[in-house]
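Following UniProt numbering, the numbering of the sequence shown begins with 1 at its first residue and continues without gaps.
Glycine is no exception: its CB is placed at the ideal position from the N, C-alpha and C atoms.
Values in this document were obtained by computation on a predicted structure and should not be read as measured data.
Before any comments, here is the structure.
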Amino acid sequence: MTKPILKLDDVVVNVNQNTPEQITILNHLNLTVNEGDFITVLGSNGAGKSTLFNSIGGNLKIDGGSITVRDKDITHFSEERRTHFLSRVFQDPKLGTAPRMTVAENLLLAKKRGEKRHLKPRGLKPNMAEFKTLTETMRNGLEHRLNTPTGSLSGGQRQALSFLMATLKRPDILLLDEHTAALDPKTSQQLMEATNDRIKEEKLTCLMITHHLEDALKYGNRLIVLQDGQISFDVSGAEKASLTQEQLLTFFADIEQ
């Protein structure tokens with residue numbers, strides 16, 4: 001039986017609080033994420049998708065409710081403290097990597113995340129074979145750019161590197177924040193397929209925001225729709241597999257297809 005890994009109970013997030021312009025972005029939102037879930041997250045602009053991720057990631061304080069991971073209350077944990085069990089990939093390929101460091105150096109940095117720092121050789125060479133095998137899984141030539149500064153990579157390669165760095169130490173929770181949105185359609189599809197393969201192979205628990213209905217239907221075991229700061233639709237398994245784009249469009253009209 002799968003166990004809940006992440007729970008949001010009655011989470012409230014307001015902007016312009018205690019002013020006449022106060023707006024509630026998350027309105028007593030409840031969500032239970034089970035271990036191994038791959039959830040695609042849909043919602044029109046302003047529905048609260050990014051606010052949901054920012055609340056889970058800790059870079060936005062919630063105004064009400066609680067957030068727990070493995071039954072531990074993390075509501076007041078800092079963003080830095082949450083990186084011990086949570087990783088996130090953003091829409092912008094420039095985020096998540098150090099541009100002047102090589103691909104291999106970035107991967108080594110990710111591999112040593114959370115470890116105590118010591119004055120000792122960085123140990124890059126012994127890891128090169130592992131990094132070559134790892135980058136080959138992206139199927140975009142990244143394995144031939146291990147000694148290339150990250151700032152010289154294409155957008156697709158840099159985003160693939162960000163994804164590998166986020167998953168290298170197998171986080172408890174992976175947040176993909178429209179991580180293919182800035183890429184051309186071919187590169188986006190390539191990264192999505194590699195993403196799906198790695199999530200399945202590593203049995204990762206993942207939430208992925210997307211504006212593409214096709215990707216939301218094709219990937220993951222579960223789909224949720226955010227509407228007016230709450231989850232208006234939550235479907236999984238065979239019910240999700242039988243969904244059509246036309247059925248999803250009945251929930252909202254302005255999501256890009």
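Problem set entry | Three-state secondary structure assigned by DSSP to T102 | strand
Exercise. R88 by DSSP, collapsed to three states: which one?
Worked result: Taken through DSSP and simplified to helix, strand or coil, R88 comes out as strand.
Exercise. Which residue's Cα is closest to the Cα of Q230: T150, N106, T51 and T2?
Worked result: T51
For this session: Quick one: give me the first and last residue of the alpha helix (DSSP H) that residue 260 is part of.
Result: The displayed coordinates of the chain run from 1 to 257. Any statement about residue 260 would go beyond what the structure contains.
For this session: Assign Q230 to one of three DSSP states: helix, strand, or coil.
Result: strand
Exercise. Should T167 and R198 be called a contact, given that it needs their Cβ atoms to be closer than 8 Å?
Worked result: yes
Exercise. To the nearest angstrom, how far is it from the Cα of L191 to the Cα of T19?
Worked result: 43 Å
Exercise. Alpha carbon to alpha carbon, what distance is there between K111 and T32?
Worked result: 29 Å
Exercise. What whole-angstrom Cβ distance do N147 and T102 have, given they're in contact under 8 Å?
Worked result: 5 Å
Problem set entry | DSSP state of A28 mapped onto helix, strand, coil | For the record, residue 28 in the displayed sequence is His; it is not Ala. It is a strand residue.
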